[in-house]
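A.B. asks: First, the structure itself, so that you have it in front of you.
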């Protein structure tokens, strides 16, 4: 049975301030898989993610998410599509004026008519799923880096979205926390059946969780395919990336 | 053609179609060397030139770029230029410090004054005026919409903003208005006494406070206090991706962040203005009593004659317009932030400057309309 495509990117090009950042990118992400977008710093990974999230405008190309043409949706349809996605931002992006509980509850509070008590229960359940149930009443400024990322994941998955986007979730974490975070992401994939699209350059994470690789270099697509194929690729940039990354991981 | 010049360490010689670079080519010598070579080759008659590096002992990064610059300049004159020779160390430096191939930057062509003026005007229109009105339309639409649709409102947020913007400013607005009322009356008292027109101090103080000073003092203090904090808060939210997070949760940032601030400001600024008016007049009353022996009773009686209901209404209308401008300007600049922490400081300053300017312009226009 052919795998179901959840994201289809075709010939996508993006400019920021008149400079080409992404050039003719095409790839697909499939249901139930962890697709990792990787590449060196400045290769356009985060720009690609933000373009897929419609936060940046593409000047060329087409993106289909869950079969819907992203750039042809009106505001209402886009908001509906956003309900199908959870997004985890690099720095967590929790609202500093709200407690962790209020942050995680926000989408439920705004988009459903669930009673407050029920919302609180759902929030506590999600916080315990990411092992920070004690942080319900804390403010983001009172959390450590790892806790902040867990809280951000709890908010991203509060609506049980079929797709979870993560922008460098492991950045700035120690190896133990990184391992726990990877385990958490794998659990989300298996327990909640989520498809995950992740931007990262943490090779140790990629080795643990990736099913599919999209490799960018200077805004161009160098490789798209299964993780095993990426590992055995003879493209010099990819070979070097994994070789050096493994060496760094082995030193940690 | 043959020549040999020495400039500190670096020297060169030209022998037929070969330019030899010699000794060390480093940052301090590169400028004069480039100039000398290009001057000498200005009358060069051959079709090709070889830049030979065999006698070059050392070259630094600027030296490499200088060699490339000479090559590029000569190629512009349709010469075919080759770089040859060089020790291993020199070739390595050439590889390391060569400008990477890419699209050459287009040098900005000088435009005529009118073209530049037109481009600037278009830039200001499309990046500022148009965007400001788009935000204004968005804010007004959602403010009106959310009056009737409570579902998307964050519970207690408008009240919270009312406290932050209005209630917390009571002390400063009241104190400043009282002092300005006193000073205003004090400045006028001596002049009025010369003409024996002491009692007109009441008209002057009351009308000045109601018509101009009350709303203006309040607006200036709110712009400085809350306009800046609105811009900084939204800018920080943008820098830390909180606005992106709201958007991808299906929440409109204008509706979620700006509208409660507008509600909070419009709920409180009329009361702050009335407070400023009352305390400003009280300050004037104190001065009138101390300097002109006008008792509070006489002051109030005179005030009843000189003050009309219209003045109070105009004062409140002005305060609402000023409040709206302050929130819109703060939000506008907050959403425009670029480049992290430095950008936050920049937009905060700009927000205060523009909101004060707009408040004064709006005050002038309303002065013309209402009086």
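Residue numbers (my numbering), protein chains in the order written: chain A, 6 to 257; chain B, 578 to 948.
Glycine included, each C-beta is placed from N, C-alpha and C at the ideal position.
1) Let's see if you can read the secondary structure: which residues bound the alpha helix (DSSP H) around residue 130/A?
2) Quick check on the DSSP output: the beta strand (DSSP E) that includes residue 895/B runs from which residue to which?
3) In whole angstroms, give me the CA-to-CA distance for residue 105/A and residue 162/A.
4) Which residues in the same chain have their Cβ closer than 7 Å to the Cβ of residue 137/A, if we skip the five residues on either side of it in sequence?
5) What residues of chain B sit near residue 61/A, judged by a beta carbon separation below 7 Å?
6) Can you name the residues of chain A whose CB is closer than 7 Å to the CB of residue 828/B?
7) Mind checking which residues open and close the beta strand (DSSP E) that includes residue 20/A?
8) Only counting the same chain, and skipping five residues up and downstream in sequence, which positions put a Cβ closer than 6 Å to that of residue 657/B?
9) If you measure between the beta carbons of residue 662/B and residue 630/B, is that distance less than 9 Å?
10) Taking 9 Å as the cut-off, decide whether the C-beta atoms of residue 831/B and residue 728/B are in contact.
11) Using a C-beta cutoff of 9 Å, does residue 596/B count as contacting chain A?
12) Does residue 713/B get closer than 9 Å to chain A when you measure Cβ to Cβ?
13) Indicate the three-state DSSP secondary structure (helix, strand or coil) for residue 30/A in the structure shown.
14) Where does residue 258/A fall in DSSP's three states?
15) In whole angstroms, what is the alpha-carbon distance linking residue 664/B and residue 634/B?
16) Residues of chain B with CB under 8 Å from residue 87/A, in chain order?
17) Less than 9 Å between the beta carbons of residue 697/B and residue 940/B, yes or no?
18) Residue range of the beta strand (DSSP E) that residue 600/B falls in?
19) Please list the residues of the segment 797-821 of chain B that have a C-beta atom closer than 7 Å to any C-beta atom in chain A, keeping them in chain order.
20) Just to confirm, are residue 232/A and residue 201/A a CB contact at a threshold of 9 Å?
21) Could you give the residue range of the alpha helix (DSSP H) that holds residue 771/B?
22) Report, in whole angstroms, the separation of the C-beta atoms of residue 936/B and residue 852/B, which I expect to be a contact under 8 Å.
23) Look at residue 66/A and residue 15/A and say whether their C-beta atoms are less than 9 Å apart.
24) So, is the C-beta of residue 908/B closer than 9 Å to a C-beta in chain A?
25) Would you list the residues sitting across from residue 218/A in a DSSP beta bridge?
26) Consider the Cβ of residue 154/A: report whether some Cβ of chain B lies at a distance smaller than 9 Å.
27) Comparing the C-beta of residue 141/A with each C-beta of chain B, is any distance below 9 Å?
28) By alpha-carbon positions, which one of 32/A, 64/A, 7/A ends up nearest to residue 25/A?
29) Return the bridge partner residues of residue 842/B from the DSSP annotation.
30) Which chain B residues are close to residue 147/A, counting only those with a beta carbon under 7 Å from its beta carbon?
31) CA-CA distance, residue 98/A and residue 715/B?
32) Whole angstroms are fine: how far does the CA of residue 145/A sit from the CA of residue 101/A?
33) So, helix, strand or coil for residue 160/A, using DSSP?
34) Output the boundary residues of the beta strand (DSSP E) element that contains residue 64/A.
35) Mark residue 917/B as exposed unless 16 or more other C-beta atoms lie within 10 angstroms of its C-beta, in which case mark it buried.
36) Can you list, in chain order, the residues of its chain whose CB lies under 8 Å from that of residue 537/B, leaving out five sequence neighbours each side?
C.D. replies: Reading off the structure:
1) 121-134 is the extent of the alpha helix (DSSP H) around residue 130/A.
2) Premise fails: residue 895/B lies in the alpha helix (DSSP H), 886-912, not in any beta strand (DSSP E).
3) 14 Å
4) 152, 155, 156
5) Simply none; closest approach about 10 Å.
6) 115
7) 10-21
8) 625
9) yes
10) no
11) no
12) no
13) strand
14) This structure cannot settle anything about residue 258/A, because the visible part of chain A is limited to 6 through 257.
15) 8 Å
16) Residues of chain B whose Cβ lies closer than 8 Å to the Cβ of residue 87/A are, in chain order, 824, 825, 826, 827.
17) Cβ atoms of residue 697/B and residue 940/B: not closer than 9 Å.
18) 595-602
19) 817, 818, 819, 821
20) Taking C-beta atoms as the reference points, residue 232/A and residue 201/A fail to come closer than 9 Å.
21) For residue 771/B, the enclosing alpha helix (DSSP H) has its first and last residue at 747-771.
22) Their Cβ separation, rounded to whole angstroms, is 18 Å, which puts residue 936/B and residue 852/B out of contact at 8 Å.
23) yes
24) no
25) 41/A, 230/A
26) no
27) no
28) 64/A
29) For residue 842/B, which the question treats as bridged, DSSP gives no partner whatsoever.
30) Correct list: empty, because the minimum Cβ distance to chain B is about 16 Å.
31) The straight-line gap from Cα to Cα measures roughly 24 Å.
32) 6 Å
33) helix
34) 63-70
35) exposed
36) Given that chain B is displayed from residue 578 to residue 948, the structure contains no residue 537/B and the question cannot be resolved.
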